[in-house]
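At position 107 of the sequence shown (counting the first as 1) the number is 110 in this note's numbering, and the numbers step up by one without a gap. C-beta: ideal position from N, C-alpha, C; glycine also. Computed from a predicted model, the values in this text were never measured in an experiment.
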Amino acid sequence: MSDWPGPVSPHAWAKDVTGVERSMLFDEPQNRDAVFAALPGLDDEDAWLTIMAWGGQRRDSGRNSWADRARWAPIVHDLRSGAIDALEAYSRFSETRIKGTGPAYFTKAIFFLQTAAPDRRGYIMDQWTAKSMELLQAPDPAAPIVHWDGRVRKIRRDGSSNWQAVVSRRNEVEVYDRFCRFVRHLADTLEREADHVEEAMFAGGDADWRRHTMAHWTPPPRKGR
């Protein structure tokens, strides 16, 4: 996996979100490998906070989900213990409707915390990986694979523009299953690890694929228009 770190240290982010020192958390931003390495030594709450910090969750959203932790804690526990797989975890997160945390973030928890069914891993379904799947797989942009919310056209200083959107909570587990199957299929086709393929679909920073996604993905027309 890449050396790209999260935007903030888990320790600093968690202190802002919870209001207390979390002594087990790192003072420096962590990359994916470091997060995976740290998780076995963390309790369920610190594991969640580490993942959300790595993912760059907004602090106000983090505070909302922290206040709602009694609802996500059992799902995290069952993921880590192997009692549930990725798809059951997605269904439970989706049904629970945790404040401040939609699919783009709770699929991060699934990705890092799943222990059951390693041959059916769950992957991170955020706007960039979901847009990538639609560009690579969907022949008709008017028939999207993923449901989207909060569509905004962002104009940059150079005059170019791209669509920003949020992966909607309306995406049921069948959509997530299709997404994960697509990642695994693409990995098999390219003869690469699925984790690496999902990360390439995200294509952070100024990567060529991110620029392609920004230039070519458009949201589906709204119903009734």
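Proximal residues to residue i (C-beta, below 8 Å), its chain only, five neighbours per side dropped
i: PHE39; result: PHE115
i: LYS18; result: GLU24 and ARG25
i: LEU138; result: HIS215, THR216, HIS219 and TRP220
i: ASP63; result: GLY103
8 Å Cβ cutoff met for residue i and residue j
i: ALA168; j: ARG154; result: yes
i: ASP152; j: SER171; result: yes
i: ASP49; j: ARG25; result: yes
i: ARG179; j: TYR93; result: Going by the sequence as given, residue 179 is Tyr instead of Arg. Going by C-beta atoms, TYR179 is nearer than 8 Å to TYR93.
i: GLU175; j: SER97; result: yes
i: LEU90; j: THR53; result: no
Residue i burial status per 10 Å Cβ neighbour count (16 or more: buried)
i: THR104; result: buried
i: GLN117; result: buried
i: ARG83; result: buried
i: THR2; result: The structure shown does not extend to residue 2, since the chain is modelled only from 4 to 228, so the question has no answer here.
i: TRP75; result: buried
i: LEU193; result: exposed
Neighbourhood of residue i by C-beta, 6 Å cutoff - its chain only, sequence neighbours within 5 removed
i: ALA119; result: GLY85 and ASP88
i: ASN67; result: LYS102 and GLY103
i: THR21; result: TRP69
i: LEU42; result: ALA50
i: ARG213; result: ALA206
i: TRP16; result: ALA56
Close-in-space but distant-in-sequence residues of the same chain around residue i (CB under 7 Å, 5 per side omitted)
i: PRO10; result: PRO32 and GLY59
i: ARG71; result: Looking at the sequence itself, residue 71 is Asp, so the reference to Arg does not match. Cβ neighbours of ASP71 beyond the five flanking positions: ILE101 and LYS102.
Identity of the residue in the options nearest residue i by Cα
i: HIS199; options: TRP16, ARG124, ARG61 and ALA76; result: ARG124
i: ALA73; options: MET27, ARG100, PRO106 and ARG181; result: ARG100
i: MET204; options: PRO8, TRP131, GLU91 and ALA37; result: TRP131
i: THR110; options: PRO147, ILE127 and ARG95; result: ILE127
i: VAL79; options: ALA37, ALA112, ALA197 and ALA210; result: ALA112
CB contact check: residue i to chain B, cutoff 8 Å
i: ARG66; result: Among the protein chains of the structure shown there is no chain B, as only one such chain exists.
Those runs of the beta strand (DSSP E) which lie wholly inside the stretch 127 to 186 and span at least 3 residues: 151 to 158 and 164 to 170
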